[in-house]
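> Residue numbers (the working numbering): 387 to 624.
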C-alpha cells in the first residue's frame, strides 16, 4: 500500500540521508516508499534477521532493544512519529544489529535497499552527503560510549530523561511531560544500570524537584538542573 505523495516526501526528508535532496528527487524516491502496519507488541524484526529496509515511523511508537546470548536485554531507544530506524541496512547486507518491536498500533513507511542503491548509482554526488551523515552517526555512537565510561549513573539518567523529553515531550503547566509509559526497568536498561540504582537516583531527582512522576510517566520540572548535573558528571547533552 502506498502513501500520499506529499506526506511520503515530507517523511523521507526526516531521515538525515535525504534532508538535502531536491524536491523532484525526493518525490521520485518517495514514490518507492511502502506503507506497513504493525499491531501493539508485534516484532518488526529480530536481532540477526536479514536487513534491507529503512523504516520511517508515521504513527505509533517502536522500541529498539539488544539481547545478549545470556538473555540480558538493553533498551537502546524508544522512537515515535517522525523517527526512523534500520538505516544501516541501506548500506550493507549485514544482519540486523537489534530487535524492533511496536509498542502500540504503528504505521511505517519503508524504503528498500535496492531502491536506495539505485538512486545513489544515478546520483553520485549524493554519496558525499551519505558519508557525512554516517560520520555524524559514528560521532553520536562515540558519545554514547563515552557516557558509559565517564558519566556516573545520575548523569546518564539525566541525559536519558532529557533525550526522551526532546523526542516525546509535551509542554504542560508542571513541566515537560515525557509522553511514554516507562518503568524503572526500562530506564535501567537504557542507562546500563540496575533498577535499584535507578530508583535511588530518581528519588534524588524527585526530592530536588527536578523530576516528577505520575504513574509510569515522568515530568521534567527543571531541565537546567539536569543539564548541570550532566556537566558536573563530565559530559554535555550533545
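Beta carbons: idealized from backbone N, C-alpha and C, even for Gly.
1) So, for residue 388: in the same chain, excluding its five sequence neighbours on each side, which residues have a beta-carbon less than 8 Å away from its beta-carbon?
2) Along the chain, which unbroken stretches of the beta strand (DSSP E) at least 3 residues long are found entirely within the segment 430-478?
3) Please work out which residues of its chain come closer than 6 Å, Cβ to Cβ, to residue 587, disregarding the five sequence neighbours upstream and downstream, and give them in chain order.
4) Check residue 582 in the structure and name its three-state DSSP category.
5) Can you say whether residue 619 is buried or exposed, counting buried as having 16 or more other CB atoms within 10 angstroms of its CB?
6) Along the alpha helix (DSSP H) that carries residue 553, what are the first and last residues, could you check?
7) Taking buried to mean at least 16 other C-beta atoms within 10 Å of its own C-beta, is residue 492 buried or exposed?
8) Is the beta carbon of residue 495 less than 8 Å from the beta carbon of residue 397?
9) Would you report the Cα separation of residue 624 and residue 500, rounded to the nearest angstrom?
10) Alpha carbon to alpha carbon, how far is residue 521 from residue 452? Give it in angstroms, no decimals.
11) Have a look at 399, 448, 582, 615 and flag the residue whose alpha-carbon is nearest the alpha-carbon of residue 536.
12) Starting from residue 607, trace the alpha helix (DSSP H) in both directions and tell me its first and last residue.
Straight from the coordinates:
1) With a pLDDT of 48 at residue 388, under the threshold of 50, the modelled position of that residue is not reliable, and no figure is offered here.
2) 439-445, 448-453, 459-465
3) 539, 540, 543
4) helix
5) buried
6) 539-554
7) buried
8) yes
9) Residue placement at residue 624 is poorly supported in this model, since its pLDDT is 40, which falls under 50; the coordinates still yield a value, given next. Distance between the alpha carbons of residue 624 and residue 500 is about 33 Å.
10) Looking at the two C-alpha atoms, the distance is approximately 23 Å.
11) 615
12) If you look at residue 607, you'll find it isn't in any alpha helix (DSSP H); DSSP assigns it neither H nor E.
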